[in-house]
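What follows is a set of notes on a single structure, which appears directly below.
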Amino acid sequence: MEPILETKGLSCVYSKGTPFEHKALIDVDFKVYPGEYIGIIGHTGSGKSTLIQHLNGLLKPTGGKVLLHGQDIWVNAKETRKARFKVGLVFQYPEYQLFEETVYKDISFGPKNMKLPPDEIDRRVHQSAYFAGLTDDQLQKSPFELSGGQKRRVAIAGVIAMEPEVLILDEPTAGLDPIGRESIMQNIRNYHDAKNATIIIVSHSMEDMARVADRIVVVNDGRLPLEGSPSEVFRHGEALRSMGLSTPQLTQVFELLKARGLDVDDNIYTMEEAKAALLALSERRNG
Numbered sequence: 044m045e046p047i048l049e050t051k052g053l054s055c056v057y058s059k060g061t062p063f064e065h066k067a068l069i070d071v072d073f074k075v076y077p078g079e080y081i082g083i084i085g086h087t088g089s090g091k092s093t094l095i096q097h098l099n100g101l102l103k104p105t106g107g108k109v110l111l112h113g114q115d116i117w118v119n120a121k122e123t124r125k126a127r128f129k130v131g132l133v134f135q136y137p138e139y140q141l142f143e144e145t146v147y148k149d150i151s152f153g154p155k156n157m158k159l160p161p162d163e164i165d166r167r168v169h170q171s172a173y174f175a176g177l178t179d180d181q182l183q184k185s186p187f188e189l190s191g192g193q194k195r196r197v198a199i200a201g202v203i204a205m206e207p208e209v210l211i212l213d214e215p216t217a218g219l220d221p222i223g224r225e226s227i228m229q230n231i232r233n234y235h236d237a238k239n240a241t242i243i244i245v246s247h248s249m250e251d252m253a254r255v256a257d258r259i260v261v262v263n264d265g266r267l268p269l270e271g272s273p274s275e276v277f278r279h280g281e282a283l284r285s286m287g288l289s290t291p292q293l294t295q296v297f298e299l300l301k302a303r304g305l306d307v308d309d310n311i312y313t314m315e316e317a318k319a320a321l322l323a324l325s326e327r328r329n330g
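Mapping to this note's numbering: the sequence shown position 23 is 66, numbers consecutive.
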């Protein structure tokens, strides 16, 4: 299978040639395949936000290439513009970017810029609102009448409405309570499953990444030292801790249980796996 999105030798240097020069990305090779659900993790300043801002042409590489369907997105202005529609990026705290007088107008802003006909814009607004967990009656409200979590949904819907081939979300649950976090993560999962969409999520939540990601990519000091399935990545607990990261809390609990002599697998990452492991332990003790 050919990657939908790829970086080859991607490098980014901020303030090049000055005393403040900083290498944010160093020779990064990264591939994204159709239908994948990718989690990107890394400590603050690791380069993960810089990486995703290159994927839709928001930042231009200092070196290397970003390819969309094998085509360099910087080969000309047309390809760069196309990448910005095909690769949708939802920033952290995107609700601060809302500006229209109604939710409907805010969601329709992107499709209008794509010069789509009114009936297609209307279809996209209603469909994306549904996937983002918004109701039809909320579409005619001012976005500023909504709660913080609902505003976040409006911003996500606005990007989904452009029907990007790749949807990138930077910390989509930041600042939300546990119920709001779980609800938005489920909305994104529903969108992924219904559309076979390609999703990339940047998150500090190891629990969320363990539960939803097919593949996790670790960014550290501008490089990608680790990637693989959640079980493959979270096996490297010591390496992750050396990068200022952690394993999911459940993994830490089962590591402690095993260290205290209990016959349990310490490669546990989700609540479902934890329940199964404890049930198996109970059956062994009672069997």
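A virtual CB, placed ideally from N, CA and C, is assigned to each residue, including glycine. On a predicted model such as this, the values are computed, not experimentally measured, just so you know.
- In terms of Cβ geometry, residue 301 and residue 309 form a close pair [threshold 8 Å].
- Residue pairing for residue 73: DSSP places it in a beta bridge opposite 50.
- When Cβ pairs closer than 8 Å are counted between the two stretches, the segment 100 to 115 is seen not to touch the segment 176 to 194, the count staying below three.
- For residue 307, there is no enclosing alpha helix (DSSP H), as DSSP marks it with neither H nor E.
- Excluding sequence positions up to five before and after residue 230, its CB lies within less than 7 Å of the CB of 174, 175 and 176, all in the same chain and listed in chain order.
- Taking the C-beta atoms as reference points, residue 189 is found nearer than 8 Å to residue 197.
- By the neighbour-count definition (other C-beta atoms within 10 Å, threshold 16), residue 249 is a buried residue.
- When the beta-carbon positions are compared, residue 182 and residue 146 come within less than 8 Å of each other.
- A residue is called buried when at least 16 other Cβ atoms come within 10 angstroms of its Cβ; residue 118 does not meet this threshold and is exposed.
- At least 8 Å separates the beta-carbon of residue 261 from that of residue 214.
- DSSP links residue 263 through a beta bridge to 266.
- Cα atoms of residue 101 and residue 184: separation of roughly 31 Å, rounded to the nearest angstrom.
- For residue 213, the uninterrupted beta strand (DSSP E) run begins and ends at 209 to 213, by DSSP.
- Within the same chain, Cβ atoms closer than 6 Å to the Cβ of residue 276 are found at 259 and 269, the five residues on either side in sequence being excluded.
- If you draw a straight line from the Cα of residue 96 to the Cα of residue 237, it comes to about 26 Å.
- Here residue 263 is buried: its Cβ has 16 or more other Cβ atoms, across all protein chains shown, within 10 Å.
- In the three-state DSSP reduction, residue 65 falls in the strand class (E or B).
- Counting of Cβ neighbours within 10 angstroms places residue 285 among the exposed residues, the total staying below 16.
- When the Cα atoms are used, residue 163 and residue 53 turn out to be separated by approximately 36 Å.
- Short of 6 Å from the beta carbon of residue 73, and not among the five residues preceding or following it, lie these beta carbons of its own chain, in chain order: 50.
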